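Notes follow the structure.
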Amino acid sequence: MAAAITSEQVVIACIGGNPETAMIIGSLWSDTSPAPGKSLKEIVISAPDGAVFRYDADAGALSASGMKTATLQASVSVKLDTPVVECTNLLRTATLDVTKGGKMSGNITHSGGQLHLKRH
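Following this line, the structure appears as structure tokens:
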């Protein structure tokens with residue numbers, strides 16, 4: 002739980018009803034401190050640096066935004082099982098193994114090593 006901000010409404014609990022033992026156990030959403038999600042079927046985790054991890058069950062959508070870098074490490078493999086994987090900018094890879102063909106368009110520059118093309 003993040004620290005409360007000035008003017009944020011909070012819920013407190015007091016052991017034995019003694020206010021000297023009060024501790025914040027949650028916060029209440031308001032105009033100055035709105036809920037991070039839009040519906041009850043959305044899970045949102047907000048980090049202090051502005052990063053947001055969001056799952057919207059109604060849309061079936063998972064998103065993560067606001068971070069500078071992201072790393073996914075696995076000891077065996079990572080599978081992206083979907084009809085389309087879209088990279089909107091530079092895709093850099095150490096190796097490439099295309100198993101079912103495909104197409105490329107635009108200018109391609111090759112440097113270093115060999116490029117073998119099969120003529121039909």
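So the sequence shown is numbered by the working numbering: it starts at 2 and just counts up by one. For each residue, glycine too, the CB sits at the ideal point set by N, CA and C. These numbers were taken from a predicted model, which means no experiment stands behind them.
Here's a check: name, in chain order, each residue in its chain whose Cβ is nearer than 6 Å to the Cβ of residue i, leaving out the five neighbours to either side.
i: residue 70; result: none
i: residue 9; result: 28 and 34
i: residue 30; result: 36
i: residue 20; result: none
i: residue 45; result: 37, 38 and 55
Quick one: grab the DSSP three-state call for residue i.
i: residue 87; result: coil
i: residue 21; result: helix
i: residue 16; result: helix
i: residue 76; result: coil
i: residue 60; result: coil
i: residue 115; result: coil
i: residue 120; result: coil
i: residue 45; result: strand
i: residue 27; result: strand
i: residue 8; result: coil
Residue j and residue i - do their beta-carbons sit closer together than 8 Å?
i: residue 25; j: residue 16; result: no
Since residue i and residue j should fall inside the 8 Å C-beta cutoff, what is the C-beta to C-beta distance between them, to a whole number of angstroms?
i: residue 47; j: residue 59; result: Not a contact, Cβ separation roughly 19 Å.
i: residue 43; j: residue 32; result: Actually they do not touch by this definition, with Cβ atoms about 19 Å apart.
i: residue 52; j: residue 38; result: 15 Å between Cβ atoms; not a contact.
Enumerate in chain order the residues of its own chain whose CB-to-CB distance from residue i is below 7 Å, with the five nearest sequence positions on each side excluded.
i: residue 113; result: none
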